[in-house]
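Q:
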Amino acid sequence: QVQPVESGGGYVQSGGSLRLSCAASGISSVASMGWYRQAPGKEREMVARYNNLGSINYADSVAGRFTISRDNAKTTTYLQMDNLKPEDTAVYYCNVYQWSTGQFIWGQGTQVTVSS
Numbered sequence: 017q018v019q020p021v022e023s024g025g026g027y028v029q030s031g032g033s034l035r036l037s038c039a040a041s042g043i044s045s046v047a048s049m050g051w052y053r054q055a056p057g058k059e060r061e062m063v064a065r066y067n068n069l070g071s072i073n074y075a076d077s078v079a080g081r082f083t084i085s086r087d088n089a090k091t092t093t094y095l096q097m098d099n100l101k102p103e104d105t106a107v108y109y110c111n112v113y114q115w116s117t118g119q120f121i122w123g124q125g126t127q128v129t130v131s132s
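17 is the number of the first residue of the sequence shown in our numbering; add one for each residue after it.
(1) Check the DSSP bridge columns for G26 and list the partner residues they point to.
(2) Under the DSSP definition of a beta bridge, which residues are partnered with N111?
(3) Are the Cβ atoms of P20 and G118 separated by less than 7 Å?
(4) Using only CA atoms, which one of S48, V28, S23, S33 lies nearest to N111?
(5) So, for A55: in the same chain, excluding its five sequence neighbours on each side, which residues have a beta-carbon less than 7 Å away from its beta-carbon?
(6) Does the beta-carbon distance from V130 to S33 come in below 7 Å?
Right, dumping it as structure tokens:
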């Protein structure tokens, strides 16, 4: 199965910024895309995503600091993360909803580490 490909993770100090990218050009019938994260010992949680109508949802913990966007073809999505905090440290995953199969397809994830 073709997976979306994430990039842009890394190590940053508190207050810094990172930009994540997710490329899903190899996946057909993309209905929506979004970002999730999973910190050690915690469940995976939604960070930001587009729904099928193009509206955006943000987790309360990142609203006002993170911005999701996408290209015109809607096959690449970005997550601009500003004013990062140590609690943002996690593996960030791209998620694609494929309408033709009804499946949610996950990327491999990219590590984001924020030092205090």
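All C-beta atoms in this analysis are idealised placements derived from N, C-alpha and C, irrespective of residue type, glycine included.
Every value quoted in this text rests on a predicted model; they were computed, and no experiment measured them.
A: So, from the listed chains and residues:
(1) Here residue 26 refers to the residue found at position 10 when the sequence shown is read from its first residue. Paired residues: V128.
(2) On the sequence shown, residue 111 is found 95 positions in, with the first residue counted as 1. According to DSSP, which records beta bridges pairwise, N111 is partnered with G50, W122.
(3) Counting from 1 along the sequence shown, the entry for residue 20 is found at position 4. Counting from 1 along the sequence shown, the entry for residue 118 is found at position 102. In this structure, P20 lies away from G118, with their beta-carbon atoms at least 7 Å apart.
(4) Looking up residue 111 in the sequence shown gives position 95. Checked all of S48, V28, S23, S33; the closest Cα to N111 is S48.
(5) Taking the first residue of the sequence shown as position 1, residue 55 is located at position 39. Here the set comprises T105, A106.
(6) Residue mapping note: residue 130 aligns to position 114 of the sequence shown, counting from 1. Residue mapping note: residue 33 aligns to position 17 of the sequence shown, counting from 1. Cβ atoms of V130 and S33: not closer than 7 Å.
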